[in-house]
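Notes follow once the structure below has been shown.
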Amino acid sequence: MTEQFPPPGCPAHAPSAHPSGAVRLYGEGLSGDPARLYRELRREHGPVAPVLLDGDIPAWFVLGYREVHQVTSNNELFQRDSRRWHAWESIPADWSLMPFVGYQPSVMFAEGAEHRRRSGAISDALLAIDQFELRQICERLADGLIDAFAGSGEADLMADYALRLPLLVVTELFGIDPTEVPQLVHDISESLDEGPGAIDAHQRVAARMARLVHARKERPAADVPSRLLAHHAKLAEEEVVIDLLVVMAAAQQPTANWIGNTLRLMLTDDRFAVSLSGGRRSVGQALNEVLWQDTPTQNYIGRWAARDTQLGGRRIRAGDLLVMGLAAANNDPQVSPDFTTAGTDSNQAHMSFSHGEHACPYPAPEIAEVIAQAAVEVLLDRLPDVVLAVPAADLVWHPSLWMRGLTALPVEFTPSYAPR
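By numbering that gives the first Met the number 0, the letter at position 224 of the sequence shown is numbered 223, and the numbering carries on one by one without gaps.
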């Protein structure tokens, strides 16, 4: 039975009166140095800051590690169904952040037993992926991408490599026609932005996924969609479509940025350079450091308060929207590791995959790590003298407060050719 929420206009839907000094989390300049923004917000407002989203829509930005942990651990008090939001009357249908908050009957917005049914099916479908076979797929696809530019001696490792590999892997695991991959990359990337084309891009991806699931219902195969359709949770075809969209979006842009951010770190930080005195720090260490300091998913919308409560010294009203500051929590000085100090490289207590029941379902983070690690290792093995083609300071971050990734990663290397 669908839970009935109070109608707009009743006391439970009265929006909070935000304190003066709420910070706009949109506009020029906010994405260039997010760590500085988080420090300033923490210094001025503490672990929970009043903010304004696009169009001056009020929300709470949860910055503290302890507070993010508290919110993501308490599913009864801080819930995922966005229909609880008291601000819907103020939200235009074409709001740029609608892809993040517009309710859909997907695993992302499901709660309680329904969420466990949906996420359990996803976990089981992903658990059936053989990790050794996955690594072989990643290496083969990475080699194929590198073959295309290895002979030129130059490449943009974002456009030519990082942005393409995760979706190539996912399309193989999903049984998607490889000819659809270029447009899928474009549409998924656009759907995750807060630009005007986000909604249309999401609809195009959804249409492609619906065609795939319908085909697999008629002709099952050894792939993720077929396993979801056959799962004992008895997911409807529509449920499989929308949940596969969630899995695909989560696998594509965040993993691509994880690869790109790790390559940037290893190409710009002397700790990861090969020297005559010894080998560089490992790819695994670089991947982990990126999750702490330049995590691909910076901020996440969100949670909605089920009732009035207190959080980080703030009074939170029923129906308030909370934005999870995952990167800010990782950079909380009370918990953030000092990666210049020995022995901190193995600390994996970051919030980069969120936490609690609505975190990335197991084993999705492990699958993303296999893809990212294979991508970086294969590239460095194939192009051992790769260097940046521009000064590190000239690298440009994509203008998004929600995702952290480079617009381009131009490199140079000694040309080589794939063996015939």
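Glycine included, C-beta positions come from ideal geometry on N, C-alpha and C.
Mind checking residue i: buried by the 16 CB within 10 Å criterion, or exposed?
i	result
His213	exposed
His231	exposed
Arg263	buried
Asp337	exposed
Gly312	exposed
Val389	exposed
Ser72	exposed
Gln284	buried
Glu288	buried
Asp307	exposed
Thr339	exposed
Pro383	exposed
Phe271	buried
Asp269	exposed
Please say whether residue j and residue i have beta carbons closer to each other than 9 Å?
i	j	result
Tyr299	Trp396	no
Leu325	Leu310	no
Pro224	Val204	no
Glu110	Gln78	yes
Ala391	Leu266	yes
Ser81	Val100	yes
Val50	Arg23	yes
Glu356	Asn74	yes
Arg35	Asp331	no
Leu405	Ser351	no
Val369	Leu378	no
Arg381	Ala149	yes
Pro360	Ile128	no
Ser105	Leu244	yes
Pro414	Leu156	no
Ala158	Thr254	no
Ser188	Pro98	no
Determine the closest residue to residue i out of the options, with distance taken between C-alpha atoms.
i	options	result
Ala328	Arg313, Val22, Glu66, Pro49	Glu66
Glu88	His68, Pro295, Asp80, Ile56	Ile56
His349	Gln103, Thr296, Ala149	Thr296
Gln252	Val334, Cys137, Asp222, His185	His185
Lys233	Ser399, Ala120, Glu356	Ala120
Glu39	Gly54, Gly26, Asp53, Gly20	Gly20
Leu52	Arg115, Tyr37, Ala127, Leu96	Leu96
Gly174	Ile145, Arg218, Tyr160	Arg218
Asn256	Ser399, Ser105, Ser415	Ser399
Asp176	Arg210, Tyr160, Asp155	Arg210
Ala424	Ile241, Lys216, Ile90	Absent from the structure is residue 424, since the part of the chain shown begins at 0 and ends at 419.
Glu365	Ser190, Leu162, Arg163, Ala250	Ala250
Glu236	Met208, Ile136, Gly26	Met208
His201	Tyr160, Ala158, Gln103	Gln103
Asp393	Gly152, Ala112, Ala407	Ala407
Gly54	Glu43, Trp94, Pro33	Trp94
Trp303	Phe108, Tyr25, Pro33	Phe108
Ala220	Gln347, Ser353, Ala112, Ala124	Ala124
Tell me, to the nearest whole angstrom, how far the beta carbon of residue i is from that of residue j; I am working on the premise that it is less than 8 Å.
i	j	result
Met247	Val61	About 27 Å; that fails the 8 Å criterion.
Ala374	Ile258	5 Å
Asp293	Asn260	5 Å
Leu180	Leu167	Note that residue 180 is Val in the sequence shown here, rather than Leu. With a Cβ gap of about 6 Å, Val180 and Leu167 count as contacting.
Arg76	Ala305	Before going on, a small fix: residue 76 reads as Leu here, not Arg. About 6 Å; that satisfies the 8 Å criterion.
Gly63	Pro46	3 Å
Arg163	Leu144	6 Å
Gly318	His85	3 Å
Pro376	Val282	With the sequence shown as reference, residue 376 is identified as Glu, and Pro is not the correct amino acid for it. Between Val282 and Glu376 the Cβ distance is about 5 Å, and since that is below 8 Å, they are a contact.
Pro33	Arg314	Contact flag wrong, Cβ pair sits at about 27 Å.
Examine chain C for any beta-carbon lying closer than 9 Å to the beta-carbon of residue i, and answer yes or no.
i	result
Leu244	Annotation note: the requested chain C is absent from the structure, which comprises a single protein chain.
Sequence ranges, beta strand (DSSP E) only - wholly within the segment 232-305, length at least 3: Listed in chain order, the complete beta strand (DSSP E) runs (minimum 3 residues) inside the segment 232-305 are 299-304.
Length at least 4, wholly inside the segment 352-393: the alpha helix (DSSP H) runs in chain order: 363-381
Entirely enclosed beta strand (DSSP E) segments - the segment 40-94, minimum 3 residues: 47-52, 56-61
Complete runs of the alpha helix (DSSP H) confined to the segment 126-156 [at least 4 residues]: The DSSP assignment places complete alpha helix (DSSP H) segments of no fewer than 4 residues inside the segment 126-156 at 130-148, in order along the chain.
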